[in-house]
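**Student:**
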Amino acid sequence: MRVIVLTHSNYSEFPDLIAGMHRLRYRVFRDRLNWDVSVSGDMEIDAYDALKPTYIIADDDSGSVVGCARLLPTTGPTMLANTFPALLGSNPSPRSDKIFESSRFCVDTRSADSVSATGLRDVTFSLLAGILEWGLANGQETVVTVTDVRFERILRRAGWPLERFAPPMQIDDTRALAGHLPITESALMNVREMGQLKGSVLTGRIIPPVAA
1 MRVIVLTHSN
11 YSEFPDLIAG
21 MHRLRYRVFR
31 DRLNWDVSVS
41 GDMEIDAYDA
51 LKPTYIIADD
61 DSGSVVGCAR
71 LLPTTGPTML
81 ANTFPALLGS
91 NPSPRSDKIF
101 ESSRFCVDTR
111 SADSVSATGL
121 RDVTFSLLAG
131 ILEWGLANGQ
141 ETVVTVTDVR
151 FERILRRAGW
161 PLERFAPPMQ
171 IDDTRALAGH
181 LPITESALMN
191 VREMGQLKGS
201 VLTGRIIPPV
211 AA
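Reading the sequence shown from the start, the letters are residues 1 to 212 in the numbering used here.
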């Protein structure tokens with residue numbers, strides 16, 4: 001398995017990975033979770049994909065995308081600030097060049113990827129470690145995310161617990177919430193230990209986020 005960083009400067013080098021990521025997001029968020037998301041054919045694509053995000057993408061030995069996450073600076077539009085501000089409760093939306101947002105995190109549960117003793121897939125740990133490695137390499141201190149109580153439990157089992165901004169809210173069929181996580185060496189070590197990862201997982205050019 002490979003975990004690669006894609007930025008707007010090298011999207012054109014990896015068209016199959018980009019397309020595979022959007023198809024995986026369709027299968028997870030539209031088909032499996034039944035979320036109300038924007039789609040184009042068999043791909044899930046929304047307005048935030050037009051903002052030149054950084055993508056963390058995992059593919060298997062055959063080149064099939066088995067996991068992904070989207071990273072955006074909080075100095076520009078984010079899902080938390082612009083789509084789900086109610087999940088902040090009374091808190092202001094984070095806005096800092098040291099804070100980024102992770103969204104559209106998903107893995108392919110159909111893949112032959114192995115499962116750890118925690119019950120989580122290896123690709124889940126690799127993606128989480130990749131987000132932490134990218135954040136540390138780019139001088140980030142915090143990542144914020146909009147997610148659900150199911151993924152909150154996954155983060156806890158992975159050794160990287162989320163701190164909520166406010167209590168969960170029911171949005172359609174989902175118990176949604178927003179929270180923040182530290183970007184620290186100790187958090188990375190926890191995830192690596194829980195996932196039995198040996199050293200860095202990332203390949204590709206790790207380029208700082210571009211402020212909007």
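Beta carbons are placed, not taken as given, at the ideal position from N, Cα and C, and that holds for glycine. These numbers come from a predicted model, not from an experiment.
Between D148 and the rest of its own chain, which residues show a CB-CB distance below 6 Å, the 5 nearest in sequence each way excluded?
**Tutor:** Locating residue 148 in the sequence shown gives position 148, counting from the first residue. Closer than 6 Å at the Cβ level, and outside the excluded window around D148, lie T174, R175, A176.
**Student:** Per the DSSP calculation, D148 is bridged to which residue(s)?
**Tutor:** For the purposes of this step, residue 148 is taken as the residue at position 148 of the sequence shown. In DSSP, D148 forms a bridge with A176.
**Student:** Work out the CA separation of G179 and P168 for me, nearest whole Å.
**Tutor:** Locating residue 168 in the sequence shown gives position 168, counting from the first residue. Locating residue 179 in the sequence shown gives position 179, counting from the first residue. About 10 Å.
**Student:** With C-beta atoms as the reference, is P106 less than 8 Å away from G139?
**Tutor:** As a first step, residue 106 is located in the sequence shown; it is residue number 106 there, counting from the start. As a first step, residue 139 is located in the sequence shown; it is residue number 139 there, counting from the start. Here residue 106 turns out to be Cys, not Pro, going by the sequence shown. It is not a contact, given that the beta carbons lie outside the stated cut-off.
**Student:** Reducing DSSP to helix, strand and coil, say where A69 ends up.
**Tutor:** In the sequence shown, residue 69 corresponds to position 69, counting from 1. Reduced to three states, the DSSP call for A69 is strand.
**Student:** How would you write the range of the alpha helix (DSSP H) that D122 sits in, first residue to last?
**Tutor:** As a first step, residue 122 is located in the sequence shown; it is residue number 122 there, counting from the start. From DSSP, the alpha helix (DSSP H) with D122 extends over 122 to 137.
**Student:** So L80 and A166 are supposed to be a Cβ contact under 8 Å. How far apart are they, rounded?
**Tutor:** In the sequence shown, the residue the question calls residue 80 occupies position 80. In the sequence shown, the residue the question calls residue 166 occupies position 166. Between A166 and L80 the Cβ distance is about 11 Å, and since that is not below 8 Å, they are no contact.
**Student:** Measure how close the beta-carbons of V146 and S103 come, nearest whole angstrom, since I'm counting them as under 8 Å.
**Tutor:** By 1-based counting over the sequence shown, the position of residue 146 is 146. By 1-based counting over the sequence shown, the position of residue 103 is 103. Confirmed, about 6 Å.
**Student:** Look up F29 in the DSSP assignment and say whether it is helix, strand or coil.
**Tutor:** If you number the sequence shown from 1, residue 29 lands on position 29. F29 falls in the helix class under three-state DSSP.
**Student:** Can you tell me whether G135 is buried or exposed, with buried defined as 16 or more other CB within 10 angstroms of its CB?
**Tutor:** Looking up residue 135 in the sequence shown gives position 135. So G135 counts as buried.
**Student:** So, using beta-carbon positions, are R192 and A129 closer together than 8 Å?
**Tutor:** Here residue 192 is taken as the residue at index 192 of the sequence shown, counted from 1. Here residue 129 is taken as the residue at index 129 of the sequence shown, counted from 1. It is a contact, given that the beta carbons lie within the stated cut-off.
**Student:** Could you check if L199 is buried or exposed, using at least 16 other CB atoms within 10 Å of its CB as the buried criterion?
**Tutor:** Mapped onto the sequence shown, residue 199 falls at position 199. The sequence given here places Gly at residue 199; Leu does not occur at that position. G199 comes out exposed.
**Student:** In terms of alpha-carbon separation, which member of L51, S93, R153, I18 lies closest to G63?
**Tutor:** As a working mapping, residue 63 is identified with position 63 in the sequence shown. Cα-wise, what sits closest to G63 is I18.
**Student:** Thinking C-beta only, is L71 closer than 8 Å to F100?
**Tutor:** Sequence index remark: in the sequence shown, residue 100 carries index 100 (1-based). Sequence index remark: in the sequence shown, residue 71 carries index 71 (1-based). A contact, by the Cβ cut-off of 8 Å.
**Student:** Is any non-hydrogen atom of the ligand ZN found closer than 7 Å to the C-beta of D59, if you look at the structure I gave you?
**Tutor:** Absence of the ligand ZN is noted for the structure shown, with no ligands found whatsoever.
**Student:** Classify A47 as helix, strand or coil using the three-state DSSP reduction.
**Tutor:** By one-based count along the sequence shown, residue 47 stands at place 47. Residue state, collapsed to three classes: helix.
**Student:** Return the CA-CA distance between P92 and D61, expressed in angstroms with no decimal places.
**Tutor:** Your numbering for residue 92 matches position 92 in the sequence shown. Your numbering for residue 61 matches position 61 in the sequence shown. Approximately 43 Å, taken between the alpha carbons.
**Student:** According to DSSP, is P85 helix, strand or coil?
**Tutor:** One-based indexing of the sequence shown puts residue 85 at position 85. P85 falls in the helix class under three-state DSSP.
**Student:** In the DSSP assignment, what are the bridge partners of P94?
**Tutor:** Here residue 94 is taken as the residue at index 94 of the sequence shown, counted from 1. According to DSSP, which records beta bridges pairwise, P94 is partnered with nothing at all.
**Student:** Leaving out the 5 sequence neighbours to the left and right, which residues in its chain are closer than 7 Å to P161 when beta-carbon positions are compared?
**Tutor:** The residue given as residue 161 occupies position 161 in the sequence shown. Once the five neighbours on either side are set aside, the close Cβ partners of P161 are L155.
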